[in-house]
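See below for the structure under consideration.
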Amino acid sequence: MKQVQSIPTEQELEVQFAFIEDEVMEACKKFPWWPTDILHSDQVINEEKGEATRAALKFFYEKGNIQDYKDELVQTAAMCLRQLVYLEQYQPTQDKEQANA
12 MKQVQSIPTE QELEVQFAFI EDEVMEACKK FPWWPTDILH SDQVINEEKG
62 EATRAALKFF YEKGNIQDYK DELVQTAAMC LRQLVYLEQY QPTQDKEQAN
112 A
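Following the working numbering, the numbering of the sequence shown begins with 12 at its first residue and continues without gaps.
Written out as structure tokens, the structure reads:
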């Protein structure tokens, strides 16, 4: 695997953050409800990351579209940001049966 040094400029970051912010707002309009527990909300992130991985595989092995991968990354980042916004509201379970399930 080849690696290159990658340090984004402020302008590059601002552009990407704008895409992510737009995606957060669009997702909130489309899905105004968010899970009240950390495990289910984490699964939203995992689902988006899975779609990004699928797009990466398609790009790498099947000459897929890089824009599809970017779109999935933006969606994943948006759900991570949404999770961060609500993070302080989550509480560990008090139900011993639920914790051992």
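Glycine is no exception: its CB is placed at the ideal position from the N, C-alpha and C atoms.
Residue i versus residue j: straight-line alpha-carbon distance, rounded
| i | j | result |
| --- | --- | --- |
| TYR101 | TRP44 | 15 Å |
| ALA89 | ILE31 | 5 Å |
| SER52 | TYR97 | 10 Å |
| GLU62 | GLN105 | 33 Å |
Residue i (DSSP reduced to helix, strand or coil)
| i | result |
| --- | --- |
| THR87 | helix |
| ILE18 | coil |
| PHE42 | coil |
| LYS74 | coil |
| MET36 | helix |
| LYS13 | coil |
| GLN94 | helix |
| ASP48 | coil |
| TYR101 | coil |
Buried/exposed call for residue i, threshold 16 Cβ in 10 Å
| i | result |
| --- | --- |
| ALA29 | exposed |
With three or more C-beta pairs closer than 8 Å as the rule, is the segment 69-82 touching the segment 17-24?
no
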